[in-house]
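Start counting the sequence shown at 4; every next residue gets the next number (the working numbering).
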Amino acid sequence: MGLWQRLAGWFKRSKFNVFNNFYWNYGGYVTDENILQSSDIYNLMKLISDQIALTDFFIEDETGKDVNDPYTLRILRNPNQYLTEFEMKKLIVNTLLIRGKVYIFKNENEWHVLNGVYSELLDDGSKIYSVGGVQIPAEMIVHVKNIGTNHLDGVGLLDLARQTLEGVMNAENSLTDKYRKGGLLAYLLKLDTHIAPNNQSQNAMIMAILDKLEQTGQGNKIQLIPLSKGYEIEALQSPVDDEKILKYLSVYKKDLGKFFGVDLEHLLELQKTDMEQFMMMLYTTVLRPIIKNLEQHLSKLFFPHGGRRIRFKINPLDYVTMKTKTDIAYNLVRTSIATPNDAREMLGFDRLEQDEAKKLYISKDLIGLDNLEATLKKAIKGGETP
Numbered sequence: 004m005g006l007w008q009r010l011a012g013w014f015k016r017s018k019f020n021v022f023n024n025f026y027w028n029y030g031g032y033v034t035d036e037n038i039l040q041s042s043d044i045y046n047l048m049k050l051i052s053d054q055i056a057l058t059d060f061f062i063e064d065e066t067g068k069d070v071n072d073p074y075t076l077r078i079l080r081n082p083n084q085y086l087t088e089f090e091m092k093k094l095i096v097n098t099l100l101i102r103g104k105v106y107i108f109k110n111e112n113e114w115h116v117l118n119g120v121y122s123e124l125l126d127d128g129s130k131i132y133s134v135g136g137v138q139i140p141a142e143m144i145v146h147v148k149n150i151g152t153n154h155l156d157g158v159g160l161l162d163l164a165r166q167t168l169e170g171v172m173n174a175e176n177s178l179t180d181k182y183r184k185g186g187l188l189a190y191l192l193k194l195d196t197h198i199a200p201n202n203q204s205q206n207a208m209i210m211a212i213l214d215k216l217e218q219t220g221q222g223n224k225i226q227l228i229p230l231s232k233g234y235e236i237e238a239l240q241s242p243v244d245d246e247k248i249l250k251y252l253s254v255y256k257k258d259l260g261k262f263f264g265v266d267l268e269h270l271l272e273l274q275k276t277d278m279e280q281f282m283m284m285l286y287t288t289v290l291r292p293i294i295k296n297l298e299q300h301l302s303k304l305f306f307p308h309g310g311r312r313i314r315f316k317i318n319p320l321d322y323v324t325m326k327t328k329t330d331i332a333y334n335l336v337r338t339s340i341a342t343p344n345d346a347r348e349m350l351g352f353d354r355l356e357q358d359e360a361k362k363l364y365i366s367k368d369l370i371g372l373d374n375l376e377a378t379l380k381k382a383i384k385g386g387e388t389p
């Protein structure tokens, strides 16, 4: 039996049991170097992946016109039995950001994120993929990359910011551990005598002291520990220097933003003062490139022969205030770009059935440049000069 027959047979046998053969990534990105333990990294990644996960899929032809394709949309919106569309998008984006690459696999009416994929570029320019020694047909998988200078692989947060991340996370953990223990490192019990294993009274005293120490700080109780001659207890405080660590974090936590393509300090300041500018900056500098990359790869996976494209519908107007959105809608209608119904839909209202709501209008105060001179002459009254 040839290789293709064995592969075809394997895929057929594993149609409903693929989990026993593939290394499926259910969200393993959470454990990649514990990267999400840093609050800033988690917040940024959640912000980015949430915005992309909130987009809607739609399909268009090569001319850019919307196409009614319920079969493909049903697969896109129901990727598999264990992930929703929202979760799938978040998983793809988070994996891409952290690792710099993500493998998306499609098997009939399901699609998945694969882990542990080996890929190789052959001399003829073709690429082969395999998992656990089993080769995957190239038309069933795409390799999404955050491209850098290597055409074979992408670069992620783990590659770009490993040292910075390790420093920040260790600094955060040291502060957390210190105050989780109330700043106390340990208790030191000093004895002026040798400990005799067979000395029952001495052992009983030590165990009683340890029991009391373990109860210290629990239930706001004051523990009284009577000590005989030769016994002394000292508290060992944590050597963590808060001021130095906070200074370190104030510099390097801001530095992490550059690996997402944003000025984190400026972005967070905008978030406090101008939410509209904050979201537009995030959209133009971070979201659009990721969305474009995913659109092209998913289109290749679902439509390998071309003809149609998968798109993510994201509305930048969602990021502006209601007043700004209303002004935009008003000007679109008065310049004959949109109908009143279009404006109503933009503002979140239902479309109307009246004929007037479906027509295009032009405002009388709008003058074409070719008619400007004639209009001015007509408006000039006797005795006036332009």
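Glycine included, each C-beta is placed from N, C-alpha and C at the ideal position.
{"Check": "Would Pro140 be called buried (16 or more neighbouring beta carbons within 10 Å of its own) or exposed?", "Outcome": "exposed"}
{"Check": "Give me, in chain order, the residues of the same chain whose beta-carbon lies closer than 7 angstroms to that of Asp59; leave out the 5 immediate sequence neighbours on both sides.", "Outcome": "Lys316"}
{"Check": "Let me check understanding here. Comparing Cα to Cα, which of Asp330, Asp162 and Leu270 lies closest to Thr98?", "Outcome": "Asp162"}
{"Check": "Taking the C-alpha atoms as reference points, what is the distance between Met278 and Asn334?", "Outcome": "23 angstroms"}
{"Check": "Could you give the distance in angstroms between the alpha-carbon of Thr87 and the alpha-carbon of Glu272?", "Outcome": "34 angstroms"}
{"Check": "Excluding the 5 residues preceding and the 5 following Val289 in the sequence, name in chain order all residues of the same chain whose CB lies nearer than 8 angstroms to its CB.", "Outcome": "Ile51, Phe263, Gly264 and Val265"}
{"Check": "If we ignore side chains and look at the alpha-carbon of each, how far apart do Ser302 and Ser122 end up?", "Outcome": "20 angstroms"}
{"Check": "Using the Cα positions of Pro73 and Thr276, report the straight-line distance between them to the nearest angstrom.", "Outcome": "42 angstroms"}
{"Check": "Are Gly159 and Lys104 touching if we call contact CB-CB under 8 angstroms?", "Outcome": "yes"}
{"Check": "Helix, strand or coil for Leu117, going by three-state DSSP, please let me know.", "Outcome": "strand"}
{"Check": "For Ile78, which residues in the same chain have their Cβ closer than 6 angstroms to its Cβ, ignoring the five residues on either side in sequence?", "Outcome": "Asn112"}
{"Check": "So within the region 60-108, which uninterrupted alpha helix (DSSP H) runs reach at least 4 residues, ignoring any that extend past its ends?", "Outcome": "73-80 and 88-102"}
{"Check": "Between which two residues does the alpha helix (DSSP H) containing Ser133 stretch?", "Outcome": "Ser133 -> not in any alpha helix (DSSP H); beta strand (DSSP E) instead, spanning Lys130 to Val134."}
{"Check": "Hey, how far is the Cα of Arg347 from the Cα of Met282?", "Outcome": "23 angstroms"}
{"Check": "Alpha carbon to alpha carbon, how far is Thr338 from Leu304? Give it in angstroms, no decimals.", "Outcome": "41 angstroms"}
{"Check": "Could you please give the first and the last residue of the uninterrupted alpha helix (DSSP H) stretch that includes His146?", "Outcome": "Counting along the chain, His146 falls outside any alpha helix (DSSP H), though it belongs to the beta strand (DSSP E) covering Ile144 to Lys148."}
{"Check": "If we count the other Cβ atoms within 10 Å of its Cβ and call it buried at 16 or more, is Gly157 buried or exposed?", "Outcome": "buried"}
{"Check": "Take Pro319 as the anchor and find which of Gly119, Asn202, Met284 and Asp330 has the nearest alpha-carbon.", "Outcome": "Met284"}
{"Check": "Here's the rule: buried if 16 or more other CB atoms are within 10 angstroms of the residue's CB, otherwise exposed. What is Ala390?", "Outcome": "Lying before the first or after the last residue shown, residue 390 is absent from the chain, which here runs from 4 to 389."}
{"Check": "Name the two residues that bound the continuous alpha helix (DSSP H) containing Arg354.", "Outcome": "It is not in any alpha helix (DSSP H) - Arg354 carries neither H nor E in the DSSP assignment."}
{"Check": "Label Leu297 either buried or exposed according to how many other C-beta atoms from any shown protein chain fall within 10 Å of its C-beta, with 16 as the threshold for buried.", "Outcome": "buried"}
{"Check": "Between which two residues does the alpha helix (DSSP H) holding Phe281 run?", "Outcome": "Met278 to Leu285"}
{"Check": "Starting from Val137 and walking both ways along the beta strand (DSSP E), at which residues does that stretch end?", "Outcome": "Val137 to Ile139"}
{"Check": "By alpha-carbon positions, which one of Gln205, Gly136 and Lys130 ends up nearest to His154?", "Outcome": "Lys130"}
{"Check": "Would the beta-carbon of Glu90 fall within 8 angstroms of that of Arg312?", "Outcome": "no"}
{"Check": "Roughly how many whole angstroms lie between the Cα atoms of Lys261 and Ile44?", "Outcome": "12 angstroms"}
{"Check": "With Thr342 and Leu363 assumed to form a contact (beta carbons below 8 angstroms), what rounded beta-carbon distance in angstroms separates them?", "Outcome": "6 angstroms"}
{"Check": "On the criterion of 16 or more Cβ atoms from any shown chain inside 10 Å, does Gln84 qualify as buried, or is it exposed?", "Outcome": "exposed"}
{"Check": "For Met143 versus Asn110, is the C-beta distance shorter than 8 angstroms?", "Outcome": "yes"}
{"Check": "Assuming Phe305 is part of the alpha helix (DSSP H), what are its boundary residues?", "Outcome": "Arg291 to Phe305"}
{"Check": "Do you know offhand how far Ile101's Cα is from Asn46's?", "Outcome": "14 angstroms"}
{"Check": "I'd like to know whether the C-beta atoms of Ile107 and Ile293 end up nearer to each other than 8 angstroms.", "Outcome": "no"}
{"Check": "In angstroms, rounded to a whole number, what distance separates the CA positions of Val96 and Met210?", "Outcome": "54 angstroms"}
{"Check": "Just checking my contact of Asn344 with Lys361 at CB under 8 angstroms: how many whole Å lie between their CB atoms?", "Outcome": "6 angstroms"}
{"Check": "Put Met349 into one of helix, strand or coil per three-state DSSP.", "Outcome": "helix"}
{"Check": "Can you tell me the Cα-Cα spacing of Pro82 and Leu57, whole angstroms?", "Outcome": "15 angstroms"}
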